[in-house]
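Below: one structure, written as structure tokens.
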Amino acid sequence: MQSLLKVSHVYGGYFGVPVLKDISFEIYPGEIVALIGLNGAGKSTLIRHLIGLMNPQQGEIRINGQSIHENVRDYRRTFTYIPEMPVLYEEFTLEEHLRFIGASYGLDDVQIESRMRILLKEFRMDGKEKFFPIHFSKGMKQKVMIMSAFLVEPSLYIVDEPFLGLDPLGIHSLLETITEVKQKGAAVFMSTHILSTAEKYCDRFMILHHGRLISMGSLEEIQAQTQLQNASLDEIYFSLTKG
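Here is the structure:
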């Protein structure tokens with residue numbers, strides 16, 4: 000199977016100082032991959048490189064075989080991004096946010112309307128279509144970002160700490176929706192500190208430490224790599240990073 004996201008020997012950072020050091024991995028359609036690591040490990044820096052906010056100092060990133068330098072518009076249309084902190088237009092209502100995002104990705108009005116109604120109901124935001132962000136809690140703002148991402152149905156979802164601010168029902172809806180898009184063949188690349196949830200829902204795990212990818216694979220593969228048979232993801236993570 001051809002990879003959807005391919006990262007090859009990437010070095011990247013700020014002001015010429017590498018934060019990421021020789022990062023290589025591939026993500027395939029129909030899988031959920033968790034990116035885990037301590038604060039300062041380089042997770043957010045890696046995500047900024049993937050979405051095109053930073054350029055690698057060395058190495059290459061391709062989505063669907065294409066780099067951002069070949070065609071910025073096409074590259075960015077292959078994925079959607081859910082940031083850790085919601086970023087909304089204060090002058091747009093909830094409905095206007097969704098319609099704007101849908102149109103930006105080339106959806107027609109019928110597609111936007113049908114998908115929007117499903118997402119509004121799933122995330123319990125129906126009836127709030129005409130509300131502005133000033134009326135929303137942080138969790139509700141996060142739901143707007145989540146619905147915007149899932150509205151366009153890309154081949155790749157890049158998600159940064161998506162559970163912050165969500166209530167238990169919101170977390171459940173997000174996990175259900177992530178599972179559904181995986182079953183349809185999309186890939187989800189998700190940074191999270193909630194290891195128990197990652198272990199339950201994700202197919203593979205990437206452990207980033209001091210800018211280096213120190214382990215990657217399924218739970219069974221990481222157990223074998225670390226010689227920690229029958230260990231949980233928490234136990235493996237603490238064993239690899241506590242020093």
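According to numbering that gives the first Met the number 0, the residues represented by the sequence shown are 0 to 242, in order.
Beta carbons: idealized from backbone N, C-alpha and C, even for Gly.
Could you give the distance in angstroms between the alpha-carbon of V187 and the alpha-carbon of R98? The straight-line gap from Cα to Cα measures roughly 23 Å.
Continuous alpha helix (DSSP H) stretch holding M146: start and end: Where M146 is concerned, the enclosing alpha helix (DSSP H) stretches over K137 to L150.
Roughly how many whole angstroms lie between the Cα atoms of E128 and L93? A straight line joining the alpha-carbon of E128 with that of L93 spans about 5 Å.
Per DSSP, cross-strand counterpart(s) of V188: Checking the sequence shown, residue 188 turns out to be Phe, not Val. According to DSSP, which records beta bridges pairwise, F188 is partnered with V32 and I157.
May I ask you to verify whether the stretch 33 to 43 touches the stretch 59 to 66, counting CB pairs closer than 8 Å and requiring at least 3? They do not touch, by the three-pair rule.
Nearest residue (CA-CA) to L19, options I26, P28, S7 and E152: Closest option to L19, Cα to Cα, is S7.
Could you check what DSSP says for R116 in three-state terms: helix, strand or coil? Here R116 sits in helix by DSSP.
Suppose contacts are defined by Cβ-Cβ distances below 7 Å. Is F162 in contact with I193 by that definition? Closer than 7 Å, so yes.
When you compare only the Cα positions, how much space is there between L155 and S23? Approximately 18 Å, taken between the alpha carbons.
Out of E198, V16, I177 and I67, which has the shortest C-alpha to C-alpha gap to I81? Nearest option by C-alpha distance: I177.
Report back the beta-carbon spacing between L232 and A197 to the nearest angstrom; my notes put them in contact at under 8 Å. Contact flag correct, Cβ pair sits at about 6 Å.
May I have the straight-line CA-CA distance separating E25 from S2, to the nearest angstrom? E25 and S2: Cα-Cα distance of roughly 6 Å.
In this structure, what does DSSP give as the bridge partners for R211? R211 is bridged to H208.
Quick check on L165: does DSSP put it in helix, strand or coil? Three-state result, L165: coil.
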